[in-house]
Amino acid sequence: PEFLTGRTMGALTGIHRLIYLDTDTLMLSDVGALQSLSLRGKAVAAVRSCKQHFGQFVDFEMLKKVNGFTGNLRPTDCLISRAMFVMDVSRYRSDNIGNKMLQWLQQYKEQDLM
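Residue numbering for the sequence shown follows my numbering, beginning at 54 and increasing consecutively.
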């Protein structure tokens, strides 16, 4: 899924909870349970996939150079599966996550070219 910015987020007017499932995801219980899942104040909840780790895909030395990166990721942290996630749309918007991700990716790309 895209980072849900601009026009896409505008289309979610009146929607408070977004549940995303890849088309090949098999649910073995009621998907409605995800509607009431506590996100503990976070914008997004997802399933960890510890078969892969951030260090396999992200140059952490480069991250140190990226201006404004304040994350607390470690190379050994598990990736999240994008096959299924639950989003608090209001929190995602108010935290400006989509735009922050795009800005971070642009900075990371520019650093990589230097």
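Where is the CB? At the ideal position from N, CA and C, for every residue including glycine.
Boundaries of the alpha helix (DSSP H) in which residue i is found, first to last residue
i    : result
R144 : V142 to S147
M115 : F113 to K118
Reference residue i, options the options, closest by Cα
i    : options                   : result
V100 : Q156, D75 and Q109        : D75
V142 : L92, M115 and D112        : L92
T66  : Q160, V97, Y145 and K117  : Y145
Q160 : F107, D77, D112 and I133  : D112
H69  : F138, L81, F107 and Q88   : Q88
I133 : Q105, S147, L158 and D148 : Q105
Bridge partner(s) assigned by DSSP for residue i
i    : result
L74  : M137
H106 : C131
V97  : M140
Own chain partners of residue i with C-beta closer than 6 Å, once the 5 adjacent residues on each side are dropped
i    : result
C103 : C131
Proximity below 8 Å, CB of residue i to CB of residue j
i   : j    : result
V97 : M140 : yes
T61 : A136 : no
Beta-carbon proximity list for residue i, same chain, < 7 Å, skipping 5 on both sides
i    : result
M167 : Interpretation of M167 is limited by its pLDDT of 45, a score under 50 that renders its predicted location unreliable; the figure taken from the coordinates is listed afterwards. Closer than 7 Å at the Cβ level, and outside the excluded window around M167, lies no residue.
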